[in-house]
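So the working numbering is basically just the index in the sequence shown, starting at one, shifted up by 11.
Note that the Cβ used here is the ideal one computed from N, Cα and C, for glycine as well.
Note that the coordinates shown come from a computational prediction; the quantities given were computed from them, not determined experimentally.
For reference, the structure is listed below as structure tokens.
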Amino acid sequence: MSGDKRILYSQEQYRWRRAGLELRRSLGRFADRSHFSWEAARAQDIYLECIDQRLLDREDYFIMERCFEWFIFDYRLNSGRTIIETYCDEYHQSLSGQEATLLQNWADSCYSLYEVTGVLPEEGLIIKDIFNPVEIKVSDVNASLSIEQGSILLMRVLQVGEEYEFSTSGLALPGRLRYPLWRKLQRDRLKLYREQKNEMQGWGDYLKERSHVINGWVMDLGISNPVSGIDMPENTLERIAILTIVNWEQVLGFIKNSAQFRLIGETNDAAGAFQEAAAAILGESYCSRARGEAEAGPGGAGRAPDYGQDTLRPVIGRLLLSTRFIIVTAVTVELLADCKDLLLRLFNKIIINGVEHCQKNSCDNPRAR
């Protein structure tokens, strides 16, 4: 009898997981609507203003993944609602019971700081919210292999049935930074509500309102206090431009068939869906300059020089393509401008906006104090 209960529980949890996975995909497609293009561009600008330039250079895909997650869960549209709340408003009549429950819980979720109190090998983590000290188990095999007990995580945790999952890739800091970071958030919270002349709100409201700023602080701390893998020497500074796009398939197809680019690699997720592609951006050869020929990009009227397949051309920059962004890096401002001009000509109807980061931002950070 007890065996039957375990099977029934497993089947029920499988349905929750499946509903959660499909809901994540639906939210992503909903947020990708052209209706939200202006809001997405504005949210991107706000989010990136709080991140150190050195991290933008080296952790570009990771940052944009977290930016999109923040856009869905925490960014307030002109309507005053978040993307996830707007999704719920629009589809509430067609939602299943599981989907409605997931959306209600997820819409109330926020980033928080968690202490890793236990590691379950090849299974997940036991974590404790430092603002609400209740321990929960998070199912995440990858995290159990890379995160050490005692680490501090900045994450959003989503409930899925009887289990908990991380909403996206997270940030980890050494445990010794727990108190300094907690104290900084305490001070910022007091300052925020004092300036707003509002009554002090709970930690959840504060964390939701300031999540993008806190994310920048934690990433900045991670430069000099890495837990694993992130090392940012000063001499690695490059120039970076991030372009929001509406059709990654067209961009990828053009990159694969154009002599202007050299595809370096393409990665897919476990289900086979496209995740990202890297390519070198090639400069103009002397022969091409003399000919002055041109080729049209999928963006429409824009045209760029034709670089013959049999000529050698310098690499002027590199490109990382995701489903929502083209992230361009170059070693000088001039080369970055050349790369941007080329992409804007080729994909002028696909690129929504572009934001450039060439200096460390002026957003509040712990080193300035």
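- Taking C-alpha positions only, ASP63 is separated from LEU114 by approximately 32 angstroms.
- For GLN170, the uninterrupted beta strand (DSSP E) segment begins and ends at 163-171.
- Within the model, the alpha-carbon separation for ARG77 versus ILE57 is close to 13 angstroms.
- Within the region 16-93, the complete alpha helix (DSSP H) runs of at least 4 residues fall at 48-59, 64-69, 71-84.
- Nearest to THR112 by alpha-carbon distance, out of ARG28, ALA289, TYR72, is ARG28.
- Within 10 angstroms of the beta-carbon of GLY283 lie fewer than 16 other beta-carbons, which makes it exposed.
- Annotation for VAL339: ALA252, GLY328, LEU330, CYS350 place their beta carbon closer than 6 angstroms to its own, counting only its chain and skipping 5 residues before and after.
- ALA270 and ILE292 have their C-alpha atoms some 10 angstroms from each other.
- The C-alpha of LEU203 lies about 10 angstroms from the C-alpha of GLU210.
- Of the candidates ALA348, ILE138, GLU96, SER105, GLU96 places its Cα closest to the Cα of SER120.
- In the three-state reduction of the DSSP assignment, ILE266 falls in the helix class, which pools H, G and I.
- By the neighbour-count criterion, in which a residue is buried when 16 or more other Cβ atoms sit within 10 angstroms of its Cβ, TRP49 is exposed.
- The beta-carbon separation of ALA288 and LEU332, rounded to 5 angstroms, stays under the 8 angstroms limit for a contact.
- By the criterion of a C-beta distance shorter than 7 angstroms, TRP81 is surrounded in its chain by TYR58, SER222, HIS223, once the five residues flanking it on both sides are discounted.
- In chain order, ALA288, ALA289 place their CB closer than 8 angstroms to the CB of GLY276, counting only its own chain and leaving out the 5 sequence neighbours on each side.
- Setting aside the 5 residues that flank it on each side, ARG87 is surrounded in the same chain by THR93, each with a C-beta closer than 7 angstroms to its C-beta; the list follows chain order.
- In this structure, TYR102 keeps its C-beta atom at 7 angstroms or more from the C-beta atom of LEU38.
- Where GLN197 is concerned, the enclosing alpha helix (DSSP H) starts and stops at 189-207.
- Where GLU133 is concerned, there is no enclosing beta strand (DSSP E), because DSSP gives it neither an H nor an E.
- When the five nearest sequence neighbours on each side are left out, no beta carbon in the same chain lies closer than 6 angstroms to the beta carbon of TYR25.
- In the DSSP assignment, ASN153 falls outside any beta strand (DSSP E) and within the unbroken alpha helix (DSSP H) covering 152-157.
- Contact check for LEU124 against VAL130 fails: the beta carbons are separated by 7 angstroms or more.
- When the beta-carbon positions are compared, GLU133 and VAL149 stay at least 7 angstroms from each other.
- Judged by DSSP in its simplified three-state form, GLN109 adopts helix.
- Membership of GLU277 in the beta strand (DSSP E) is indicated by the continuous run 272-279.
- Residue burial annotation: GLN55 is buried, with at least 16 other C-beta atoms found within 10 angstroms of its C-beta.
- Listed as beta-bridge partners of GLU174 by DSSP are VAL171.
- A residue is called buried once 16 or more other Cβ atoms fall within 10 Å of its Cβ, and SER90, having fewer, is exposed.
- Per DSSP, the unbroken alpha helix (DSSP H) holding ARG356 starts and ends at 344-357.
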